[in-house]
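Trainee:
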Amino acid sequence: MTCEEYLAALSSAPIALVNQASDARAHFEGCPECSKMLASIEDGERGLGASLDMAKSLIPPTQTAELAIMTAKRRRVGKLAAIGLAVLIAVVFWITAIRVIVPTARETAQIVTSDLVTLTLRLRCMSSSQAGDLISPYVRSDGSAYYIIDGPFITVRAKAPELAKVKSLLAQLDDPSQLNCKVP
Numbered sequence: 003m004t005c006e007e008y009l010a011a012l013s014s015a016p017i018a019l020v021n022q023a024s025d026a027r028a029h030f031e032g033c034p035e036c037s038k039m040l041a042s043i044e045d046g047e048r049g050l051g052a053s054l055d056m057a058k059s060l061i062p063p064t065q066t067a068e069l070a071i072m073t074a075k076r077r078r079v080g081k082l083a084a085i086g087l088a089v090l091i092a093v094v095f096w097i098t099a100i101r102v103i104v105p106t107a108r109e110t111a112q113i114v115t116s117d118l119v120t121l122t123l124r125l126r127c128m129s130s131s132q133a134g135d136l137i138s139p140y141v142r143s144d145g146s147a148y149y150i151i152d153g154p155f156i157t158v159r160a161k162a163p164e165l166a167k168v169k170s171l172l173a174q175l176d177d178p179s180q181l182n183c184k185v186p
């Protein structure tokens, strides 16, 4: 290897590793330029190590230990607080689900499964109030109703059998071909 390669190894690897390689050690002992560079780097590292060893911490060891204990306690309390908040959020979500989401879902299911049908019928010769008087005995189940609208229309909300009866009744009695187009 050349001096450049050894110096590159010296600049990128720790000195202890470079000194352990036998061919590198032999080169540094034989080459005056490389041995000067190695000695300079070793002196710098020794001086830095000695400076670091002589530097004392500004905080006494007992205070450092107390600080470490306080930090550990804070972390423990923080974890407990996070767990407590997570449990609280779960409880709030559970209560919300029971008090709001489930009843709303039940109401929606009742609306979807409701067997009431709404239909607007066009009257041919009868008035909407006459038609309402005629069909009122047949529209009796829970939620069933009829709505009188201006003009020749009536809206009926009822179960399918009731609606079929209303339609057949109006088909019979609301016929303009009859001589008398009135409610009997």
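Using this note's numbering, read the sequence shown as starting at 3 and increasing by one per residue.
Ideal Cβ placement from N, Cα and C applies to all residues, glycine included.
What distance in whole Å lies between the Cβ atoms of L123 and R159, which are believed to be in contact at a cut-off of 8 Å?
Mentor: Translated into positions along the sequence shown, residue 159 becomes position 157. Translated into positions along the sequence shown, residue 123 becomes position 121. Not really, about 12 Å apart at Cβ, beyond 8 Å.
Trainee: Starting from I137, trace the alpha helix (DSSP H) both ways and give me its first and last residue.
Mentor: The residue you call residue 137 lines up with position 135 of the sequence shown. Where I137 is concerned, the enclosing alpha helix (DSSP H) stretches over 130-137.
Trainee: For R142, does the three-state DSSP call read helix, strand or coil?
Mentor: Locating residue 142 in the sequence shown gives position 140, counting from the first residue. Coil at R142, not helix or strand.
Trainee: Does L165 pass the burial test, meaning 16 or more other C-beta atoms within 10 Å, or should it be called exposed?
Mentor: The residue given as residue 165 occupies position 163 in the sequence shown. L165 comes out buried.
Trainee: Counting pairs of beta carbons, one from the stretch 124-141 and one from the stretch 83-93, are three or more of them closer than 8 Å?
Mentor: They do not touch, by the three-pair rule.
Trainee: Quick check: what's the CA-CA separation for P235 versus Y148?
Mentor: Given a span of 3 to 186 for the chain in the structure shown, any question on residue 235 remains unanswerable.
Trainee: Cβ of E44 within 8 Å of Cβ of I17?
Mentor: Here residue 44 refers to the residue found at position 42 when the sequence shown is read from its first residue. Here residue 17 refers to the residue found at position 15 when the sequence shown is read from its first residue. Yes.
Trainee: By the three-class DSSP mapping on this structure, what secondary structure does T120 have?
Mentor: Working through the sequence shown from its first residue, we reach residue 120 at position 118. Residue state, collapsed to three classes: strand.
Trainee: Using the beta-carbon count (16 or more within 10 Å), is D176 buried or exposed?
Mentor: Taking the sequence shown and counting its residues from 1, the one referred to as residue 176 is at position 174. Buried, because 16 or more other Cβ atoms sit within 10 Å of the Cβ of D176.
Trainee: So, for L171: in the same chain, excluding its five sequence neighbours on each side, which residues have a beta-carbon less than 8 Å away from its beta-carbon?
Mentor: Along the sequence shown, one-based indexing puts residue 171 at 169. So the list reads L136, I137, Y140, once near-sequence residues are dropped.
Trainee: Kindly indicate which three-state DSSP category I61 falls into: helix, strand or coil?
Mentor: On the sequence shown, position 59 is the one that residue 61 refers to. Here I61 sits in coil by DSSP.
Trainee: So which of S143, T120, D152, R142 has the shortest CA-CA distance to Q132?
Mentor: One-based indexing of the sequence shown puts residue 132 at position 130. Ranking the options by Cα distance to Q132, first place goes to D152.
Trainee: Would you mind working out which of W96, G134, G32, Q174 sits nearest T157, comparing C-alpha positions?
Mentor: On the sequence shown, residue 157 is found 155 positions in, with the first residue counted as 1. Nearest of W96, G134, G32, Q174 to T157, Cα basis: G134.
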